[in-house]
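This report refers to the structure that appears directly beneath it.
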Amino acid sequence: MMQSLHPNSNSKFTPLMMANAKAILSLLQGCNSMRKLHKIHAHILINGYQHNPSISEKLLNFCAVSVSGSLAYAQLVFHRIHNPQTPAWNSMIRGFSQSLSPLQLQAIVFYNHMLSASHAWPDTYTFSFLLKACEEAKEEGKCREVHGFIIRFGYDQDVVVCTNLIRSYAGNGLIETAHKVFEEMPARDLVSWNSMISCYCHAGLHEEALKMYDQMRISNVGFDGFTLVSLLSSCAHVGALHMGVQMHRFACERRLVENIFVGNALIDMYAKCGSLASALSIFNSMPKRDVFTWNSMIVGYGVHGRGDEAITFFGRMLMAGVRPNSITFLGLLCGCSHQGLVKEGVQYFHMMSSEFNLKPGIKHYGCMVDLFGRAGKLKEALEVIRSSPSQHDPVLWRTLLGSCKIHRNVEIGEMAMRNLVQLGSLGAGDCVLLSGIYAEAKDLQGVARMRKLIQSRGIKTTPGWSWIEVGDQVHRFVVDDKSHPDSREIYRKLEEVIHRASLVGYAMEESSLVAAPESNTQEYCWETSTSYHSEKLAIAYGLARTPEGTSLLIVKNLRVCRDCHNFTKFVSKAFDREIIVRDRVRFHHFRGGHCSCKDFW
DNA sequence: CTAGGGTTAG
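Numbering (my numbering), first residue to last: 5 to 605.
What follows is the structure in structure tokens.
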């Protein structure tokens, strides 16, 4: 009788017409689309369950939180609840916290409403969701304010709430505050440790991240795949191969190498630490591969200047049915430019948009400038900048300036310089580059002008550093560093190294005209002959502290200067060592007096 | 069955 009153009486939900609350609940549980939800909602109304708290909460939760839900619908449902309790508020706050910006601010609005206009009290869940919203919406002030409430409610004793606090602070750039919360929380579990490490990793504080691991071991919480992935990423960034190998061993022991996240992180670590062969062997052993897997290999080959192999892997990637993204093309273009594969680079640049519907970004244009510039086609490089949508980006002009240095082009170099001045982003490195161009053209006045420019404008400089990992320690050096505990020994060793390198042909460039990219202070800027660049110190230390025949890996934040590049070539010959230098932009493999970049960088 | 953690580029 009742069935005939209902228009949907033929639908498969018909039996529910007489269903009890329990049946409706279980149907809500299995709901996976708004279409089904509308039907279930109709049944709820017909059966008079709209005021049943557990049903309306479940309904609300689905709309607000599920990927196939609808926040707009959730709001309608919410406003029909007479006296919403904490779980209902939580659903709304959670829903908005995971929505697109700037909608996340609505999570905070709901929370404020909850405090002022309802009888429901926030609980630990409320704060977890709310902190997530503060993190996503970059609401630093609100984050601090919420922290105050958390303390007043006594929820600062809760691990999950504290972990959310850490992420929220770190996401707002307050990494030290985040660490303070971490230190002061009553107990730390595995997730809290992993969060703290990943926050450091994201903030670029890789040495801090790696240090956390030592403390983590003492605290006996163990580790898992999440731990390894963040740590491996930090190892990759700082070039800590030995530590990375140790992580690899842990991964094997715990059967975590089969985890795709761990495998991808291992590939990246080995590639960034100069060991492409190991990266490849991980790649070959992976049971499943995704876009990260392929990109890590392609980018790895790219930064090592092996464009042909990057291209080969790109082809295999397509064959495997994995869709490339913009990072894939960055790796490809980088490889092409460093290997001088101009034709191929151009082809892939066009392929991005024509075949994969990917819009080239500023970095892709940067690669194109580099591709032409490095190959000596400076006019074409200039044309790329002119035709790019981001012709007012200093990065492009800076890249062009670098190419002018390689090809000793004063005219276009000066043009690049003028644009950098106009864009108000002239850096010391730019002056040093142009000065180098003048020096090679024997234009002493030009060199003097650059020197004056730096001094008169008080141009901000990037301090240069190099680091080398010896044993389980990362050692960091700056120009003329005397802060290392073994400083005296290092300088003695360096004198010996220079002597032995000179026996096989090395001659230090005495000319004060040789401007060094590492020069970070005015004193050292023009006096190469009296200063020791950080990588020389790192190399000396590495030679002194590692067994004969082992290869050295140096990581530095700036480009290698010509003298150091030359020096390293002769050292590799004199000491019969492989020396790998990871530059700001690429890898140099020195062996037997030659470099893999073929003096082209 | 209301909560917190992961990789490539920059």
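From the three backbone atoms N, C-alpha and C, an ideal C-beta is built for every residue, glycine too. The structure displayed is predicted, hence computed values, not measured ones.
Kindly indicate which three-state DSSP category residue i falls into: helix, strand or coil?
i	result
H42	helix
H246	helix
K560	strand
H598	strand
R327	coil
A213	helix
M118	helix
S37	coil
L362	coil
N413	coil
C277	coil
M200	helix
A607	The chain is shown from 5 up to 605; residue 607 falls before or after that span and cannot be answered.
D272	helix
R293	coil
H47	helix
N299	helix
T181	helix
I222	helix
V81	helix
So, for residue i: in the same chain, excluding its five sequence neighbours on each side, which residues have a beta-carbon less than 8 Å away from its beta-carbon?
i	result
S101	Q108, A111, F133, L134, K136, A137, E140
M216	W197, M200, I201, Y204
P106	A141
L214	L235, S238, C239, V242, A244, M247, V478
Given this structure, state the Cα-to-Cα distance separating residue i from residue j, to the nearest angstrom.
i	j	result
A283	I271	4 Å
R378	S391	19 Å
H55	I85	7 Å
C256	T231	14 Å
I366	Y352	16 Å
T403	G428	16 Å
S223	I59	44 Å
K446	L334	36 Å
P551	R586	21 Å
I97	K381	56 Å
V163	R566	53 Å
I407	S289	The amino acid at residue 407 is misidentified as Ile; the sequence shows Ser. Taking the straight line from one Cα to the other gives about 40 Å.
L49	S72	22 Å
R496	P467	24 Å
S341	M38	49 Å
Q219	V508	46 Å
K602	A511	19 Å
P81	P126	For the sequence presented, residue 81 should be read as Val rather than Pro. Between V81 and P126, the C-alpha separation is close to 20 Å.
E539	G344	27 Å
C67	Q89	17 Å
A324	S120	56 Å
Pull up the DSSP beta-bridge partners for residue i, would you.
i	result
E473	V478
H593	I584
Apart from the five residues just before and just after residue i, which ones in its own chain have a Cβ nearer than 6 Å to its Cβ?
i	result
V326	V295, W298
P91	E61
P364	M356
N361	none
Y274	S282, A283
F594	T572, K573, S576, I583
P190	Q161
Might you give, ordered along the chain, the residues of its own chain that have their beta carbon closer than 7 Å to the beta carbon of residue i, omitting 5 neighbours on each side?
i	result
S199	T167, I170, R171
M251	L232, L235, L236, C239
E262	P291
Check whether the Cβ of residue i sits closer than 7 Å to any heavy atom of the ligand SAH, and report yes or no.
i	result
H537	For the structure depicted, the ligand SAH is absent and the ligand set is empty, with no information on it obtainable.
Next item on the list: Scan the region 417–497 and note each continuous alpha helix (DSSP H) run of 4 residues or more that stays entirely inside, going in chain order.
Entry: 432–444, 448–461
Notebook entry, point to check: Can you list the alpha helix (DSSP H) stretches of 4 or more residues lying completely in the region 301–358, in chain order?
Noted result: 311–323, 330–343
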